[in-house]
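Worksheet for the structure shown next.
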Amino acid sequence: MRFMDLRVKEKELREEIEEVFREILDTGQYVGGHFIEEFEAEFAAWLGVKHVISVSSGTDALKYALWALDLKPGDEVITTPLTFIATAEAIALLGARPVFVDVEPDTFLIDPGKIEEAITEKTKAILPVHLFGAVADMDRINEIARKHDLAVVEDAAQAHGAMYKGRKAGSLGLSSTFSYYPTKNLSAFGEAGAVATNSGEIAERVFMLKNHGQKGAYYSVFIGENGRMDALQAGILLKKMKYIDGWNQKRRELAKKYIEELSDIDEIKFQKIPEGVQSVYHLFVILHPRRDQLKEELEKIGIPARIYYQVPLHLQPAFSYLGYKKGDFPVAEKISSELLALPVGPWMRDEDVKEVSQGLKKIILGI
Ligand SMILES: Cc1ncc(COP(=O)(O)O)c(C=O)c1O
C-alpha cells in the first residue's frame, strides 16, 4: 500500500488534462491567459469570495497576503507552532516576528483562549492554520481581531472545501491562502497557490505584488516579485475543480471508517473535529504514546505511516532567534511527539482502511 498515490487515474480527467497540454503546446500561451482567469473565477465562486489571485505556491500566497497588510519590521503576527514551516517563514521573510500561541489539545488548532495574552502593541495580524483539513475557531478569532483591530489571514493550504458553520474555510478572514502542491486536496502538477479575499484593495495589492508591483506594462508602483502561477497549472486545476467535492467526500468516508475501526483502541486518540466544522481530512492523524515504535512496526507489515511536524516551529533551529525554549508550548510539543498520519486519499479503497486498522489492532492489542 502507498501512503499517497498522486497518479491521475480517472480516465475522463486524464483526457481533460491532456487537452490542456495540447492547447498550451498549440498556442504557446505559457503565462497568463484564459486558464488563469477561468480558474481564479471558478475557485472564487466555489469558495464564496469575490477575488482569487493565483500565485506560484502556498508559501508565496502567505507572503503576499501578509505583505499586502504592509507589515513593518518588528510587527508581530500571531500563529500556531504546530504547522508546516512556511506559515511562520512567510511572517519572518517580511521582517515581521512570528509570535506563537499553543494549540488546543483535542483539535490541534490554535487555542483562541490563549491569543489575547499574546497581543502587544506591535501585533498586526492573526494567522490561524486549518490543520489537517479541520477549521480553526474563526468566530472567536475574528472577534478578538475586531476587538484589537487586527487582520486575520487564514492559512487554508490543507483545507480546500472544509466547512465552518456552513461557509468554506478560506472565506472567513480578511484574506486566506491556499497551496496546490501535488499532495494537497486540490493539486497542481508542481508548485502553485492562491490568495483569496473579499477585499478589492488586498486583491489589487496581491495581484501587483506577484507581478513586480506593476500597474500596467513595465510600470512598477512598488517593489514586488515574480510570483505568478503558470498557465499549465491553472488549466490542470481548472479541470480538477469538478472532482474536488467528490474527492473530499471520499476522504470523509475513509476517515469515518478509520474512526469506526479504531475507536476501541484506548491508546489511540483522534483529532477532534469541532462542532460546526466539516473536515476535509487532508491528513488522517492519530496520537499514540509510542508513536515511533508504532510507525516502525507498521512498516514491518507493509503499512506506510508518516510523522508530521515532529519539531514544532518554536523549537526549529531556523527560529532559535525568537528565543523560545522547550516547554513554552507544551500542548503542541506533546502532539508533535505522538502524531502519526495514516494513509488517506481518494485513491484508497475501504479494504485499505481495514488493512491499516487490522495492522494497528494487531500491534497495539495483539489481536
Ligand atoms: C499549512 C501549510 N501552509 C503553507 C504551505 C506551503 O505551501 P507550498 O508548499 O505550496 O509553498 C503548506 C504546504 O506545503 C502547508 O501545509
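Converting from the sequence shown to the working numbering requires adding 604 to each position, the first position being numbered 1. Glycine included, every Cβ here is placed at the ideal spot set by N, Cα and C. On a predicted model such as this, the values are computed, not experimentally measured, just so you know.
In this structure, DSSP gives K843 a helical state, which the three-state scheme calls helix. Looking at the DSSP output, A859 bridges to nothing. Pairing A648 with D759, the inter-Cα distance amounts to about 16 Å.
Spatial neighbours of G931 in its own chain (CB-CB distance under 8 Å, excluding positions within 5 residues in sequence) are listed in chain order as E937.
When the five nearest sequence neighbours on each side are left out, the beta carbons in the same chain lying within less than 8 Å of the beta carbon of A645 are those of V656, in order along the chain. Here Y823 carries a coil assignment [DSSP, helix/strand/coil].
Here Q818 has S824 as same chain residues with Cβ atoms under 6 Å from its own Cβ, once five neighbours each way along the sequence are excluded. DSSP assignment within the region 722-776 yields the following whole beta strand (DSSP E) runs of 3 residues or more, N-terminal first: 727-731, 755-759. Bounds of any beta strand (DSSP E) do not take in S961; it lies within the alpha helix (DSSP H) bounded by 954-969.
Inter-residue distance for V889 and K615 is about 30 Å (C-alpha atoms, whole angstroms). The alpha carbon of Y784 has as its nearest neighbour, out of H764, A773, K772, the alpha carbon of H764. Checking the 7 Å criterion, the Cβ of A690 is within range of a heavy atom belonging to ligand 1. Using a Cβ-Cβ distance cut-off of 8 Å, the region 618-634 and the region 734-746 are not in contact, since fewer than three pairs of beta carbons, one from each stretch, lie closer than that value. Taking 8 Å as the cut-off, the Cβ atoms of T663 and A692 do not count as close. A distance criterion of 7 Å places the beta-carbon of S658 beyond contact range of ligand 1, judged by its closest non-hydrogen atom. In terms of CA proximity to F923, F688 leads the group D674, W650, F688. For S803, the shortest separation between its Cβ and any heavy atom of ligand 1 does not lie below 7 Å. Counting along the chain, the unbroken beta strand (DSSP E) around H655 starts and ends at 655-659.
Here the alpha carbons of P786 and E795 stand approximately 7 Å from one another.
Taking 7 Å as the cut-off, the C-beta of Q762 counts as close to a heavy atom of ligand 1.
The beta-carbon separation of T683 and F704, rounded to 6 Å, stays under the 8 Å limit for a contact. If you keep only unbroken beta strand (DSSP E) runs of at least 3 residues inside the region 680-707, you get 680-683, 701-704. When C-alpha distances from E725 are compared across L754, A738, D741, L713, the shortest belongs to L754. Looking at the backbone, the Cα of N802 and that of S780 are separated by about 10 Å. A665 has its alpha-carbon roughly 15 Å from the corresponding atom of I640.
Taken in chain order, the whole beta strand (DSSP E) runs of length 3 or more contained in the region 773-805 are 779-783, 797-801. Here DSSP, grouped into helix, strand and coil, assigns R626 to helix. Between P921 and F933, the CB-CB gap reaches or exceeds 8 Å.
Burial is judged here by how many other beta carbons sit within 10 angstroms of a residue's own beta carbon; P716 has at least 16 and is buried. Closest in alpha carbon position to G880, among H918, M742, A838, K654, is M742. Burial check for E680: the Cβ neighbour count within 10 Å reaches 16 or more, so the residue is buried. Inter-residue distance for E865 and Y925 is about 44 Å (C-alpha atoms, whole angstroms).
Here V707 is actually not in contact with L698; their C-beta atoms are around 23 Å apart, not less than 8 Å. Counting only residues of its own chain and dropping the five nearest sequence neighbours on each side, E871 has a CB closer than 7 Å to the CB of H892, P893, I968. With 16 or more other CB atoms across the displayed protein chains lying within 10 angstroms of its CB, T711 is buried.
In this structure, the alpha-carbon of I695 lies about 15 Å from that of S661.
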